[in-house]
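I have placed the structure first, in the form of structure tokens, so that the comments after it can refer back to it.
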Ligand SMILES: [Fe+2]
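Numbering (our numbering), first residue to last: 202 to 512.
In structure tokens, the structure reads:
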């Protein structure tokens, strides 16, 4: 039976307007200037609304969101993003990992990630840490695990506060160790392990200040233990590559921002719709994937198919 998974990322439509000077007296000032000059024009709520409408019409079995819902991690932005999440659908249907903008500066969990907790928490025994109800996973409670149909959605957090000018990410040795154990258990259950992470495990296309700092260590875990698909955001560009896995190459797919207006064709908003089926015996890979790209059309204001292919 074919299972369908939508992948959206980097919404960036929450507004820092009206925040006080005290809240900007740190790294946020640079981010606020960037939002004021560029981001608020590039990322349009109307486009994200249109994407939601199309996505709901496509009715995938599940939705993956790979972070950067906010701009400068203000408490008002977390509350606004929570309303966008609720508008998209119920937590049981949507799995979320945070991005670097969602950890722009340190914010108490009660005023930030906790507001998204139901979309982030684990609901499987393989997860080594399960956050109490109403609270988001702490760094020690990632990776998260959610099983839906044949999929195990494994949420990795690469988001952490970084110095001004840096948009880098880090998974960390503790999370990598837990990830290796978790993937081994899930793969023993014959589940299709889909890794969700904001930063790409592939460095190509990212300057050092935007990369995952321990990408090599993450690739080592995936090469040794295996995963079936890796989905990431962060680049606001389409990215498609593979990394070595234990039996077969692992596809790594990056999706564009869900809200980017059409100023540059290569950045115009898109989302991905995967079809997932068990592969025939002897194919090497355990699962077969099709990928439909659905993109924003400025002429109609709607989203439509821009092509389909096998991975
Ligand atoms: Fe990002």
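Think of the CB as a built atom: it goes at the ideal place given N, C-alpha and C, for glycine as much as any other residue. Quick caveat: nothing in here was measured; it's all calculated off a predicted structure.
Range of the contiguous beta strand (DSSP E) that encloses residue 471: 471 to 479
At which residue ranges does the segment 362 to 429 contain complete alpha helix (DSSP H) runs of 4 or more residues, listed in the order of the chain? 374 to 389 and 416 to 426
Please give me, in chain order, every unbroken run of the alpha helix (DSSP H) with length at least 4 that falls completely inside the segment 292 to 325. 318 to 321
So, helix, strand or coil for residue 281, using DSSP? helix
Name the one or two DSSP bridge partners that residue 506 has. 495
Kindly identify the DSSP beta-bridge partner or partners of residue 511. 491
Spatial neighbours of residue 411 within its chain, please: C-beta separation below 6 Å, excluding the five flanking residues on both sides. 368
As a quick exercise: from 432, 352, 301 and 499, pick the residue whose alpha carbon is nearest that of residue 202. 352
Since residue 452 sits in a beta bridge, which residues does DSSP pair it with? 443
Whole angstroms is fine: what's the gap from residue 253's alpha carbon to residue 279's? 19 Å
Could you please give the first and the last residue of the uninterrupted alpha helix (DSSP H) stretch that includes residue 249? 246 to 259
Since residue 210 and residue 268 are thought to touch, with beta carbons under 8 Å apart, how far apart are those beta carbons, to the nearest angstrom? 7 Å
Bridge-paired residues (DSSP) for residue 207: 264 and 474
Cross-strand partners of residue 514 (DSSP beta bridge): Here the chain covers residues 202 to 512 and nothing more, so residue 514 does not appear.
Residues bridged to residue 331 [DSSP beta-bridge criterion]: Its beta-bridge partners do not exist; DSSP assigns none.
Beta-carbon separation of residue 433 and residue 461 under 8 Å? no
Pick helix, strand or coil for residue 242, following the three-state DSSP scheme. helix
According to DSSP, what are the bridge partners of residue 432? 397 and 454
Does the beta-carbon distance from residue 467 to residue 453 come in below 8 Å? no
Compare the beta carbon distance of residue 296 and residue 387 with 8 Å and say whether it is the shorter of the two. no
Taking the continuous alpha helix (DSSP H) assigned at residue 530, which residues delimit it? Past the boundaries of the shown model lies residue 530; the chain is included only from 202 to 512, so the question cannot be answered.
Suppose you measure from the CA of residue 425 to the CA of residue 224; what does that come to, to the nearest Å? 44 Å
Of the listed residues 221, 382 and 319, nearest to residue 329 (C-alpha basis): 382
Compute the minimum distance between the beta carbon of residue 433 and the heavy atoms of ligand 1, and state whether it is under 7 Å. no
Pick from 305, 501, 498 and 494 that is closest to residue 508, judged by C-alpha positions: 494
Could you work out which residue in 337, 292, 282 and 226 is closest to residue 309 when comparing CA atoms only? 337
Bridge partners for residue 461 per DSSP, in chain order? 244
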